[in-house]
Amino acid sequence: MAATSDELASAEKMRAYIAALAVHVAGDFPFLGSAQITQLEAALAKGGADPLQEAQLRYSLGTNLLRVGRTEDSLRELEACHALLAQHAGGVRPAFEPRLEYEIGVACMRLAENRNCIANCNGDSCVFPIRGGGVHVDRAASERAVGWFERALATSKPGSVEHNSALWLLNVAQMTLDAWPDAVPVPLRLPERAIRPPSDFPRFPDVANATGVAGFNLAGGAAAEDYDGDGWTDLVISDWDPRSELHYYRNRGDGTFEDRTKGSGLEGLSGALNIAQADYDGDGRTDLFLPRGAWWNEHGKIQPSLIRNLGGGHWVDVSYAAGIAEPGYPSQTGAFADYDLDGDLDLFKGNEGSPVNPAPSQLFRNRGDGTFEDVAAAAGVVNNRYAKGAVWGDFDGDRHPDLYVSNLGGFNRLYRNRGDGTFEDIATKLKVAGPIDSFAAWFWDYDNDGALDLYVTTYKQADYYRLAPVVASVLGLPHDAESAALYRNDGKGGFENRASAAGLSPIALPMGANFGELDNDGYPDFYLGTGYPGYDGLVPNVMFRNRGGQTFEDVSAAGGFGNLQKGHGVLFADFDNDGDQDVFEEVGGAFPGDGFRNLLFSNPGFDGHWLRVTVRGVQSNRGGIGTRIKATIAERGAQRAIYRTVGTGGSFGANPLTQHLGLGDAKSLETLEVYWPKTNTTQTFRGVPLDAHVEITEGDPTWRLVREGRTKLREDEQ
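Note that the sequence shown covers residues 8 to 725 in our numbering.
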């Protein structure tokens with residue numbers, strides 16, 4: 008279906024809006040602007056400051072230069088600041104002095120990354136523990152960093168946040184020089200068990216360069232789907248800088264991708280930290296939603312985009328025509344569901360509100376004619392908190408999708424759907440209101456008992472040394488960070504936090520996050536994209552393997568997932584149609600100088616069987632979001648059930664809507680059941696083969712085998 012004249016006008020209006028925004032961010036915009044550099048350079052050029060005032064100016068200039076990527080200039084100013092303070096030891100000392108040596112070391116590390124991990128990038132670059140191709144060829148900057156971290160350690164108290172942060176980065180710096188562990192004194196050495204925990208898990212090679220999706224970007228979102236209907240899963244990637252572009256990577260079907268952004272209709276529509284997706288208009292094609300303004304507070308009152316998929320790799324921005332563009336509020340999370348069970352998809356947009364910058368969340372009810380109305384106030388879901396994640400799931404099994412909102416710095420919400428268009432917040436009642444500093448979240452059935460559980464990440468806030476609780480967690484030292492929550496559904500309407508018992512207590516500081524299937528055992532695994540805006544946020548991304556629905560194993564080091572760069576949009580998808588899910592991550596920091604390339608981990612394959620299921624709604628929403636799937640298998644002389652709910656996974660990254668079910672050691676698939684909440688009906692299918700992709704259409708008593716090509720993702724030549 009071609010775009011209407013109203014839609015084309017809507018798209019041009021949004022492009023003009025984003026173009027004007029792109030000009031604005033170059034000034035004093037949070038994270039991205041450079042106006043302060045001009046002011047500081049002018050103040051220094053003017054002269055007349057006493058030595059301590061000059062040191063303050065040079066410190067501020069150095070930290071701002073690092074943010075915009077002028078790393079060597081930053082080091083010059085920071086080291087000049089250090090020299091000034093050394094020459095003038097008396098008098099009142101500036102507040103930044105105790106952390107100056109640490110910050111110089113951090114700037115040296117970024118210079119080392121620029122010269123090695125970026126300039127000479129390979130699949131081992133920045134992967135923790137650093138080894139092989141990740142060892143730096145240009146050693147000078149890392150050697151400088153070692154010296155500064157040793158100074159910072161010598162002047163800080165063991166066990167303090169300053170000391171732990173410098174200790175971590177000293178170990179990382181020595182790894183880049185291939186000098187770990189011998190070059191690190193034993194009292195300062197990270198334990199081997201924390202670096203390389205024993206595991207027989209295979210390595211997933213990073214094939215982003217070889218397949219053509221590496222790119223280079225700041226923080227952003229990612230979504231995967233067969234957008235052009237050719238049977239191969241494609242990618243769309245965003246960057247939160249409005250001066251950047253969305254990227255549409257079309258899967259060629261030969262293990263590689265091509266950037267088909269030009270001419271797609273996506274040009275000029277970036278500036279989004281996240282991407283949500285769904286077929287909101289029921290035409291059989293998956294559309295995109297881009298929330299904007301995240302973290303920018305009063306500067307973040309920016310309009311979002313709803314982008315309709317026209318088919319064939321073409322889109323049109325319909326935000327104004329659909330009625331969702333105005334007013335603009337800062338946001339990074341949106342989630343689709345048919346909350347009123349009328350057969351079309353509605354959209355919840357979680358906004359970042361605070362007492363000084365109110366931003367009520369919005370619930371856009373789909374009118375069924377391509378337009379939406381905000382009914383959040385009437386429904387009781389305005390939230391009025393700093394939303395960082397939003398997910399739908401029918402936790403109580405009453406057919407009506409409920410809504411969980413993860414709020415940073417405040418209690419989370421569990422809005423139970425009353426079934427009459429209104430909701431009640433029962434998070435405190437059910438003891439799922441924490442963690443207080445939370446971020447990504449999702450509903451899932453991690454233990455395959457048929458009841459939706461809830462996972463909520465934690466994101467410790469601090470002005471400086473945010474790395475410290477991660478290090479303390481590794482070293483077994485006390486810290487003040489909250490652990491993530493794994494709320495197991497008891498099947499009776501309540502939850503129990505099982506995070507500690509499941510091995511999920513370690514602190515990781517995740518941002519992007521999602522779940523999927525690594526080993527085809529039927530139990531969902533998950534990946535955390537870690538970090539924070541500061542350049543010292545070199546925290547390994549973390550992959551957890553589900554061990555039978557009871558515990559989780561950290562396979563980050565063994566699998567090669569522990570990249571130290573800042574992870575954002577995460578998704579699981581079978582890009583080569585070979586029966587196992589690969590893992591994609593959009594990577595890059597918040598500041599203009601902290602860009603990095605994306606990661607695509609190719610699944611080496613496991614012995615388990617699998618099934619891919621695509622559902623097509625007729626009375627229900629076309630993409631089947633919220634539909635429940637149950638596969639009963641015969642395995643080792645017994646029957647086992649595997650459950651999935653159709654959706655895109657977690658709140659920061661969007662999986663394809665086709666569901667991938669690992670079937671383990673199944674001898675046969677006894678039954679496949681599909682439950683449609685709108686009509687309260689269950690379809691049961693028999694004779695469905697193992698290791699296949701099937702399509703189920705609502706009301707059709709037969710299943711259809713989807714025949715598709717297979718390949719292998721291209722790998723770098725060794």
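Ideal placement from N, C-alpha and C gives every residue a C-beta, glycine not left out.
Bear in mind that the values here come from a model prediction, so they are computed numbers and not experimental data.
By the 10 Å Cβ neighbour count, where 16 or more other Cβ atoms means buried, how is residue i classified, buried or exposed?
i      : result
Ala26  : exposed
Gln725 : Residue placement at Gln725 cannot be trusted, given a pLDDT of 45 that sits under 50; the coordinates are not used to answer.
Ser12  : exposed
Val594 : buried
Val546 : buried
Gln63  : buried
Thr435 : exposed
Val439 : buried
Val191 : buried
Glu199 : exposed
Leu484 : exposed
Taking only three categories from DSSP, how would you classify residue i?
i      : result
Lys20  : helix
Ala515 : coil
Thr558 : strand
Arg259 : coil
Ala49  : helix
Gly727 : Because the chain spans 8 through 725 in this model, residue 727 falls outside it and cannot be assessed.
Tyr422 : strand
Gln725 : With a pLDDT of only 45 at Gln725, under the threshold of 50, the placement of this residue in the model should not be trusted, and no figure is reported.
Ile649 : strand
Trp175 : helix
Tyr471 : coil
Asn548 : coil
Tyr494 : strand
Arg267 : coil
Val243 : strand
His486 : coil
Gly400 : strand
Ser413 : strand
Based on Cα-Cα distance, which residue from the options lies nearest to residue i?
i      : options                        : result
Ala506 : Pro442, Val99, Leu545, Val481  : Pro442
Gly300 : Ser277, Asp286, Gly291         : Ser277
Thr340 : Leu348, Pro298, Gly586         : Pro298
Arg721 : Asn521, Gly529, Asn258, Leu295 : Asn258
Asp497 : Leu461, Gly289, Leu39          : Leu461
Gly289 : Val549, Val622, Val75, Leu578  : Val622
Ile649 : Ala230, Leu64, Ala458, Pro194  : Ala458
Asp213 : Gly555, Phe533, Gly569         : Gly569
Ala564 : Asp207, Gly600, Glu252         : Asp207
Gly600 : Val701, Gly76, Val30           : Gly76
Arg267 : Leu72, Gly219, Ala508          : Gly219
Gly602 : His575, Arg420, Ala102, Gly624 : His575
Thr709 : Gly716, Gln690, Ala397, Leu697 : Gln690
Val32  : Leu197, Glu265, Asp248         : Asp248
Leu354 : Ala366, Glu380, Pro334         : Glu380
Arg552 : Gly544, Leu535, Pro540         : Leu535
Glu2   : Ala93, Tyr109, Gly357, Pro105  : The question about residue 2 has no answer, for the chain in this structure spans 8 to 725.
Which residue marks the beginning of the alpha helix (DSSP H) containing residue i, and which one marks its end?
i      : result
Tyr393 : No alpha helix (DSSP H) contains Tyr393, which DSSP labels as neither H nor E.
Ala152 : 147-161
His575 : It is not in any alpha helix (DSSP H) - His575 instead sits in the beta strand (DSSP E) that spans 574-580.
Arg372 : No alpha helix (DSSP H) contains Arg372, which is instead part of the beta strand (DSSP E) from 369-373.
Asp80  : 78-94
Gly357 : Looking at the DSSP string, Gly357 is not in any alpha helix (DSSP H); the run it does join, the beta strand (DSSP E), is 353-358.
Asn216 : 215-218
Leu59  : 58-75
Ser167 : First-last for Ser167: undefined, no H or E at that position.
Mind checking whether the beta-carbon of residue i lies closer than 7 Å to any heavy atom of the ligand MG?
i      : result
Gly523 : With respect to the ligand MG, the structure offers nothing, as it holds no ligand at all.
Could you tell me how far apart the beta carbons of residue i and residue j are, in whole angstroms, since I believe they sit closer than 8 Å?
i      : j      : result
Leu410 : Tyr422 : 4 Å
Leu516 : Asn504 : Leu516 to Asn504, Cβ: 19 Å. No contact.
His306 : Phe36  : 6 Å
Thr652 : Gly400 : 7 Å
Leu313 : Val325 : 6 Å
From which residue to which residue does the beta strand (DSSP E) around residue i run?
i      : result
Ile640 : 635-642
Leu729 : Nothing about residue 729 can be read from this structure; the chain reaches only from 8 to 725.
Thr537 : 532-537
His407 : Counting along the chain, His407 falls outside any beta strand (DSSP E), and DSSP gives it neither H nor E.
Tyr462 : 460-465
Arg315 : 312-318
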